[in-house]
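Structure first, commentary second.
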Amino acid sequence: MRKAVIIGAGMTPVGEHWKLGLRDLAVEAIFNAMEDAGIDKVDSLYVGNMISGPFVEQENLGALIADWAGLGNIPAVKIEAACASGGAAVQEGVKAVMSGLEDVVAVVGVEKMTDAWPSDATRYLAYAADAEWELFHGASFVALNALVMRYYMKTYGYTEEDLALFAVNAHANGAKNPYAMFKRPIKVETVLKSPYVADPLKLFDASPVCDGAASVIITTPEKAKELGVPKEKWVEVAGMGRAIDTISLASREDLLTLKAAKVAAERAYKMAGVEPKDIDFFEVHDAFTVMAALSLEALGAAKKGEGAKLAKEGQIAIDADYPIQTMGGLKARGHPVGATGVYQTVEAVLQLRGEAPSQVPDAEIGLTQNIGGTGSNITVSIFRRV
Amino acid sequence: MARPMQVSRYWRHFREKYRLIGGKCENGHVHFPKRPVCPVCGSRNVEEIELSGKGKVISWTIVRNPPSGFEYYKPFPLALIELEEGPIVLAQLTDVDPEEIDFGMEVEVVTKKIKEFEEDGIILYGYKFRPPVK
Ligand SMILES: [Zn+2]
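As they're listed, the protein sequences go chains A and B. Residue 33 is where the first sequence starts when you use our numbering, and the numbers rise one by one after that. Residue 10 is where the second sequence starts when you use our numbering, and the numbers rise one by one after that.
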């Protein structure tokens, strides 16, 4: 198998882009990534997107985006794994390069969510849940996560205040990220005083509905050299894993174990030949504060039941042992669902190149974890400085 | 949001949704809804079983910003209920003051209207859970 390196990364700011459509965002991100790599053509395109059909009545995103980005008659497809679509698209791109089938691959993650009414957006997001057995009963995505949050707090004795620390940390880092949707720090009180969306889950426990696109260019070290991309720009894709769990929460063997993340992480750690303690920063999928806690546990950064303890002990800040959400996470950077996994990848690349706005000192290895559904479809990727 | 074949789509599951029909594999593992493969042991020898509808609340939430189509009912309680046969079911709670809901609260199944006002006018019924009627 060949090695894969990321040689270009680009994104658009996350926000409510009322003047830009899905294709505008995607094309801008791809152009930024290609410009960063210094290349003008690619062999193929993988598009990470979750729900363009309901949101903007557009499928066939491979053709749409490759066409509008002027990439020629290349193979191009959309990859869907709910909110983990971006992470899955990156991994499909890497697989294409590693297999030897394609040499230079572009991946773009894009989602355009603000063209819909809020209650319709809530409905479309719930399409990642089980339509017959969850959405049928009026479950929103937030509600499913609220069920997990209440159970987590009860089981381990945590409070709403404890979980709010994840949001506070994300906003502190996002405040320095020019591409983040929310560029202001918040206090625990800000979270606690925000209205309940689905008790005990509050507005500030959740990531926002927003628009955005991010893109990376993947190739082999040999091809990167041939293309003349300076080595400082390379970031190696060291390990990856992906797994599913039951689609409905009620069928879960254990409500408080992200089994899919555990399995995916085991595969990624094995492939990269590293352990959790070797990871310099974790970009976890904090769509909801409780998911950040459960993710740290599944990834082996914390023991079961101790994910939130890591936040309480101040271990998740940039200069601590387990920095997470270094550019704001889903909570502050924003969570344009199908784009999120690619944003995480772009941010990992910036960290490993030493170009991040809030830099983890001497970062050499970083991990990204992208969750689809209520933990039902998860990707874990490990990146290493070359 | 017109969706074709709405009626058949819901009719297909009316037995599960009206009578709480689940599955029991040859090794005695019970699940709900019925699946083609037992999630515990992988057996494909799964029979139908009618569940008692008695259970207790494991976790709950109050849905304040529901998906479109459920706005009329907001806010409403949604819970995970562990049935006495073992499986966990997601359903709305009904006939209960949100303040009264607690971990381990006993509940029983009841057939209720889940939703109406769909574009095509059909009214959907299904299970909800309520504190037992004494
Ligand atoms: Zn079985």
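Built from N, CA and C at the ideal position, the CB exists for glycine as well. Since we're looking at a predicted model, the values are computed, not measured.
Judged by DSSP in its simplified three-state form, B:T70 adopts strand.
Pairing A:P240 with A:G366 gives a Cβ-Cβ distance under 8 Å. Burial is judged here by how many other beta carbons sit within 10 angstroms of a residue's own beta carbon; B:C34 has at least 16 and is buried.
For the C-beta of A:T154, the chain B residues within less than 8 Å are, from N- to C-terminus, N74, P75, P76, S77. For B:E117, the enclosing beta strand (DSSP E) stretches over residues 115-124. The criterion of a C-beta distance shorter than 8 Å is not satisfied by A:G94 and A:D68. Fewer than three beta-carbon pairs drawn from the region 168-184 of chain A and the region 91-111 of chain A are found closer than 8 Å, and the two stretches are therefore not classed as touching. Cβ contact annotation for B:L87 (same chain, cutoff 6 Å, sequence separation greater than five): T70, V72, Q101, in chain order. The beta carbon of B:S52 sits closer than 7 Å to at least one heavy atom of ligand 1.
The Cβ of A:F63 sits no closer than 8 Å to any Cβ of chain B. Relative to the Cα of A:G53, the nearest Cα in the group A:D72, A:K35, A:L96, A:I39 belongs to A:L96.
Shown here for B:E57: same chain residues with a beta carbon closer than 7 Å to its own, the five before and five after excluded, namely I30, G32, K43 in chain order. B:V55 and A:G361 have their alpha carbons spaced roughly 43 Å apart. Looking at the DSSP output, A:K309 bridges to nothing.
No Cβ-Cβ contact shorter than 8 Å links B:F85 with B:V116.
Minimum Cα-Cα distance from A:N402 among the listed residues A:A304, A:A297, A:K302 corresponds to A:A297.
In this structure, DSSP gives A:A101 a state outside helix and strand, which the three-state scheme calls coil.
Here the region 112-128 of chain A lies against the region 405-416 of chain A, with 3 or more beta-carbon pairs under 8 Å apart. Per DSSP, the continuous beta strand (DSSP E) segment holding A:Y228 begins and ends at 228-230. Considering only A:E264, A:A128, A:Q376, the residue with the shortest C-alpha distance to A:F314 is A:Q376. Between A:G118 and A:T372, the C-beta spacing is below 8 Å. Note on geometry: alpha-carbon atoms of A:V88 and A:K335 lie some 42 Å from one another.
By the Cβ-count criterion, A:T187 is exposed, with fewer than 16 other Cβ atoms from all chains shown falling within 10 Å of its own Cβ.
Per DSSP, A:M33 has no beta-bridge partner at all.
Counting C-beta pairs with one atom in each stretch, the region 303-310 of chain A and the region 324-334 of chain A have three or more that are closer than 8 Å, which means they touch.
Between A:A121 and A:V79, the CB-CB gap stays under 8 Å. Boundaries of the beta strand (DSSP E) harbouring A:Y78: 76-80, taken from the DSSP string. Those residues of the region 85-99 of chain B placed with their C-beta closer than 7 Å to a C-beta in chain A are F85, L87, L89, I97, V98, L99, ordered along the chain. Cβ-Cβ separation between A:Y184 and A:A325: approximately 7 Å, consistent with a contact (criterion under 8 Å). Proximity of the beta carbon of B:V49 to ligand 1 is indicated: a heavy atom of the ligand is located closer than 7 Å. Interface residue (Cβ-Cβ distance to chain A less than 8 Å): B:T70 is classified as such.
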